[in-house]
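*Asks:*
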Amino acid sequence: MGESSRVSLVVFFKKEEQLHDALSCFDLNDFKEKDVLVKLHMGEMRNRYYVKPGFVEKVVSELKKLGSHPFLFDTTVAYRGPRETKEGYKRVARLHGFSEKKIGCPIVIGEQGVPKTVEGRVFEVAEEINNVSHIAAITHVKGHIQAGFGGAIKNFGMGGVTKESKEMIHRGCEPVYDKSKCTLCGKCAEICLFHAIKVKKQ
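Here our numbering is used: the first residue of the sequence shown is -3, the next is one more, and so on.
1) Would DSSP call F67 helix, strand or coil?
2) Keeping to the same chain, check which residues put their C-beta closer than 8 Å to that of V52; ignore five residues upstream and five downstream.
3) Leaving out five residues before and five after H65 in sequence, what residues of the same chain have Cβ atoms less than 6 Å from its Cβ?
4) Do three or more CB pairs link the stretch 137 to 153 to the stretch 184 to 196 at distances below 8 Å?
5) On a Cα-Cα basis, can you pick out the residue from R42, E58, E13, V110 that is closest to K159?
6) From the DSSP secondary-structure annotation, give me the bridge partner or partners of H130.
7) On the three-state DSSP scale, how would you describe R79?
8) State the CB to CB distance for the pair A132 and T71, rounded to an integer number of angstroms; the pair is presumed to be in contact (CB under 8 Å).
9) From this set, S176, E58, F9, which residue's C-alpha is nearest L28's C-alpha?
10) State the DSSP-derived secondary structure class of P49, mapped to helix, strand or coil.
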């Protein structure tokens, strides 16, 4: 995301060794001498599904060749675990090989947000995302129980907001029961994969 209004809708598939060639498909002049937030998920404890630090270091190196000032960024999580605090997340990141020494740029974990209204709903976007003019996304794609798969949109939509907004987004997925509209037909119970709904005809 840069200052120009041009947006590429083309997806390029390249091997990791061809990163420099892949980046040459884009006009990166807009990133010269800029602070660049590199948004990524640095992995969960006991989980190997994240973009590996060797690849991330290559992206950071290419940005630095432009005179950019990149920093890796993610936010704390809403659920219990080491990544629920800045310090805990940084420990997990180091265990996975994401350190300033190895990657060549600062590692920043955000917790504070700036309120933004989208379609009448208020979300707290991470301060760091709000305050920077240039962003590069490094995203691993994975299966998602509701969306089919999660990728770059989820990297920002869930990973770019505060804990409070994460919780609010997840609450929006909860089923809503409106007694005035229920006819006791039992369709909801039939389609529930977990057999969690019981309909009593009384």
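For every residue, glycine included, the Cβ atom is placed at its ideal position computed from N, Cα and C.
*Replies:* A quick look at the data gives this:
1) F67 falls in the strand class under three-state DSSP.
2) V34, L36, L68, F94, I99, I134
3) D31
4) Judged by Cβ distances under 8 Å, the stretch 137 to 153 makes no contact with the stretch 184 to 196, as fewer than three pairs qualify.
5) V110
6) V32
7) Correct three-state label for R79: helix.
8) So it is not a contact: roughly 16 Å between Cβ atoms.
9) For the sequence presented, residue 28 should be read as Lys rather than Leu. Nearest of S176, E58, F9 to K28, Cα basis: E58.
10) Residue state, collapsed to three classes: helix.
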